[in-house]
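Number of protein chains: 2
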Amino acid sequence: MTIRFLNTKDKDFEKNFSALVAVDSSVDPEITKRAEAIVEDVHKRGDEAVLEYTNRFDRMNAKCMEEFRITQEQLKNALETLPEDQKHALTVAAERIRSFHEHELGQSWSITEKDGTKLGIRYTALDSVGLYVPGGKAAYPSSVLMNAMPAHVAGVKNIVMVVPTPGGTPNQLVLAAACLAGVSTCFTIGGAQAVAALAYGTKTIPAVDKIVGPGNAYVAAAKRYVFGTVGIDMIAGPSEILVICDGKTNPDWIAMDLFSQAEHDELAQAILLTPDAEFAEAVKTSIEKQLPDMPRKGIIAASLKNRGAIIVTESVEEACRIADKIAPEHLELSVEDPEKYVDLIHHAGAMFLGAYTCEALGDYCAGPNHVLPTSRTARYSSPLGVWDFQKRTSILKVSKQGAYELGKIADVLARGEFLYAHSGSAMYRVKDLDSKDK
Amino acid sequence: MTIRFLNTKDKDFEKNFSALVAVDSSVDPEITKRAEAIVEDVHKRGDEAVLEYTNRFDRMNAKCMEEFRITQEQLKNALETLPEDQKHALTVAAERIRSFHEHELGQSWSITEKDGTKLGIRYTALDSVGLYVPGGKAAYPSSVLMNAMPAHVAGVKNIVMVVPTPGGTPNQLVLAAACLAGVSTCFTIGGAQAVAALAYGTKTIPAVDKIVGPGNAYVAAAKRYVFGTVGIDMIAGPSEILVICDGKTNPDWIAMDLFSQAEHDELAQAILLTPDAEFAEAVKTSIEKQLPDMPRKGIIAASLKNRGAIIVTESVEEACRIADKIAPEHLELSVEDPEKYVDLIHHAGAMFLGAYTCEALGDYCAGPNHVLPTSRTARYSSPLGVWDFQKRTSILKVSKQGAYELGKIADVLARGEFLYAHSGSAMYRVKDLDSKDK
């Protein structure tokens, strides 16, 4: 089997479909235990522990933490020495991402009431953010842009990036992306030890207020553990794409769109929904035709076999209803007149409309963020954005007259909750104006 | 000792201050274990388990789950039969909270580029939200308004409230608040079993997408456990107030403002910072004078003794710098010309400006939310708001010409990441236009 075939008319469709999209969010308790022990050790011993773990896990031989520091000079140099085509592509992508995210900036506002009472919300940037970037094969410069740029646009002054370099050499594209995305400080450390250093600070690594970015199971466990001491972003599950196609897109394109998700990871999920049974067959044939030529064919084949599916539906509308149950991370609406269907989908991380909008454009350079809610969490969460790096403070200034009116209301409600000091505090302000005859 | 005195000039100030504001976020593993067992049992056995636990823990004797349902009729009736002053106060508070939160509604937007490419963010409300309301003594109608109204304003269709009624009788003010705040469905269940029912759904209790609202240690542990299956709000620590006063506010008012936080809980924290040493003494004297008359004097005395402080500073500016390190949940700037100092404070959940703006007004009826980040989390998090009940979807529609230009960029970056199907997917769109000579 290359990829499983389902039809919504099959009598066991519901059962098979549920099994297909079931999310395994179980966590290995052994990994959690080891990650937490590392975090606590770094919390206690600081730099010394970070140095030891980094030398051990990343096969390094550093004498002191300063050897892990990458200077702004080095970041700039990485950008400037890139091959021209990469430098151009990265710069265009960075500018498009910056420009899109600038629209997301929250603005402070306030209202003034008739009696002079002023109420509002102030937006400010977080002071400092840690950005975890995986090392080795999965070192993705696009991920640096997507995680750091929203923080940069929000106005975060200290963006501290950590990226392990197992064996030694940093990825030049990653450093160049860091340069373009406004990273302030960079260290070649990783794993649970890097997360701990960012959460608690060490002599060399500054403590941050929030840690974002993807990582392996140890990194995820460490992030979960330090949550509360610092903020964290979502802990991502395997990536998913769901393609709805009316049968009018070239089947080779659709097969390749499914591959582009499947090639990430054997656990990644790629699903096609189409009302056109012949088209479904054509995509399957194309998969079989194109797969042998793909450099990552082993991963793609495993992903499609284990978690992929082509589902024949009654209609595009039925496909949309099914998509909405899945709440996919990525949804391609590869149909004519896609706007007709957009509002049928309530839950999706990102929607790609029309045959020309393949997910890969969004992954790299269209502008919107590629860090999206996985594992059905699009029901309640959102793409990473500037909003994740701004915080809000309520600001209240109640006038004398306002305090008189509101104080009487607060007094009644406070007594209803048996909170008499709340009542007393409000009533001092009321009585003050009473005594002055207002 | 009624309340400790510190002075920023003391040579051991830093040490004493750090000890004062240290946050104990440890979790009792025994409670966690028991809560998780209850959640798993409800996940497996549904209504049957909820019924058993509720009868056992809340001393009820219900035969079926329907006995726990509170109808819309009952909510309306609770509001209509309230004493007139309470009905008026609750209605005014609800309307002010609604009106303030309407300003927070996020709006969808999109931009269209020259080549017709359209990019944007769509805001939609969550489908369904669970609201946990503590029962017994800590049944706070104001908390119902503050948690449910932002969801209601966001447009959440199903707001499912759970409130335990140990012994039997529901709090009429709580039900009336639920009526005003747009609660759709209500059940008199609580504890870890109610959280589990909301997260997984049972035959009687509908599954929701996010659970918000305060609760005891079991509720917090259950929320932490189901996070990922559903969204959750922050897990709140003890409440805190920090008052900065220039010495020109009536010391009785300030003492009562400190009481209004201290009366919540023996772990609540109330701190006064003032550059006026005589005023500091006057507040202490007022505390001693007013305390014996307070109905909750035992709790207030314990809170002030264990976690309270009056700190004499060099200046209001120094007080602001210290406040910023604490990142308090509530900050009263009880000074003349408070606007002068607002921007010195980067981290606070809510700021109350001027002697007339006591925290109690914000707790009940000014309009901004009273669910605020505790335990220094104001460094990276925000008051509860409409934004917590809206989610965002990126929407991309790339034109043919856009796909041609962006495809070439994506191709370079994808190959730089060794993701050849990403490249292939983008290049199919590029080649299509090439073959048509654009």
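As given, the protein sequences belong to chains A and B, one line each in that order.
Everything in the first sequence is counted per my numbering, starting at 679 for the first residue and increasing by one.
Everything in the second sequence is counted per my numbering, starting at 679 for the first residue and increasing by one.
Glycine residues also receive a C-beta, built at the ideal position from the N, C-alpha and C atoms.
Note: B/R682 is bridge-paired with B/A987 in the DSSP secondary-structure output. Under the 8 Å Cβ criterion, the stretch 866 to 884 of chain B counts as touching the stretch 799 to 815 of chain B, having at least three qualifying pairs.
Listed as beta-bridge partners of A/W787 by DSSP are A/I799.
Within a 10 Å sphere around the beta-carbon of B/S993 sit fewer than 16 other beta-carbons, which makes this residue exposed.
Sixteen is the threshold: when 16 or more other Cβ atoms of the shown chains lie within 10 Å of the Cβ of B/T952, as they do, the residue is buried. Fully contained in the stretch 943 to 1003 of chain A are the following alpha helix (DSSP H) runs of length 4 or more, in chain order: 955 to 968 and 975 to 985. For A/V840, the beta-bridge partners assigned by DSSP are A/Y810 and A/F865. Of the candidates A/W787, A/S777 and A/T790, the residue whose Cα lies closest to the Cα of B/S788 is A/S777. With a cut-off of 8 Å on Cβ pairs, the stretch 1005 to 1015 of chain A is in contact with the stretch 1027 to 1035 of chain A, counting three or more such pairs. With a cutoff of 7 Å on beta-carbon distance, A/V1064 and A/H779 are scored as near each other. Taking the Cα of B/F937 as reference, the smallest distance to any Cα among B/V897, B/G906 and B/S981 is reached at B/S981. Under DSSP, B/H1008 takes part in a beta bridge, and its partners are B/I919 and B/A1028. For A/F905, the three-state secondary structure derived from DSSP is strand. Close to B/Q764, with beta-carbon spacing below 8 Å, are these residues of chain A in chain order: V1090, L1091 and G1094. Judged by DSSP secondary structure, B/T769 falls within the alpha helix (DSSP H) whose first and last residues are E762 to E780. Contact annotation for A/V1076 against chain B: Y1034, T1035, L1039 and A1044 [CB-CB distance below 7 Å, chain order]. Put simply, the backbone Cα of B/I989 is about 20 Å away from that of B/V1020. Residues of chain A with a Cβ closer than 8 Å to the Cβ of B/V770 are, in chain order, I1087. Per DSSP, reduced to three states, the secondary structure at B/L1097 is coil, with no helix or strand assignment. Among the residues facing chain B, A/D935 is included, as its CB has a counterpart in that chain under 7 Å away. Here the alpha carbons of A/Y878 and A/A832 stand approximately 23 Å from one another.
Put simply, of A/C998, A/A756 and A/R902 the residue whose alpha carbon is nearest the alpha carbon of A/P819 is A/A756. When secondary structure is reduced to three states using DSSP, B/V890 falls in the strand class. At least one beta carbon of chain B lies nearer than 7 Å to the beta carbon of A/S820. In this structure, DSSP gives B/I910 an extended state, which the three-state scheme calls strand.
Below the 8 Å Cβ cutoff, chain A contributes no neighbours of B/R985, its closest Cβ being approximately 16 Å away. Contact between B/P916 and B/D887 is absent: CB atoms are separated by about 29 Å, not below the 8 Å threshold. For B/K722 and B/E730, the gap between their C-alpha atoms comes out near 13 Å.
Exposure of B/C742 is indicated by the presence of fewer than 16 other C-beta atoms within 10 angstroms of its C-beta. With respect to A/S1077, A/G794 sits close: the two C-beta atoms are nearer than 7 Å. Sorting A/T866, A/G784 and A/F691 by C-alpha distance to the C-alpha of A/F735 places A/T866 at the top. Within the model, the alpha-carbon separation for A/Q1068 versus A/A914 is close to 21 Å. In summary, A/Q785 is exposed, with fewer than 16 beta-carbon neighbours lying within 10 Å of its beta-carbon over all protein chains present. The Cβ-Cβ distance between A/I775 and A/L853 does not fall below 7 Å. Straight-line spacing of the CA atoms in B/K881 and B/T863 works out to 14 Å.
Residue state for B/T1055 is assigned as helix, using DSSP reduced to three classes.
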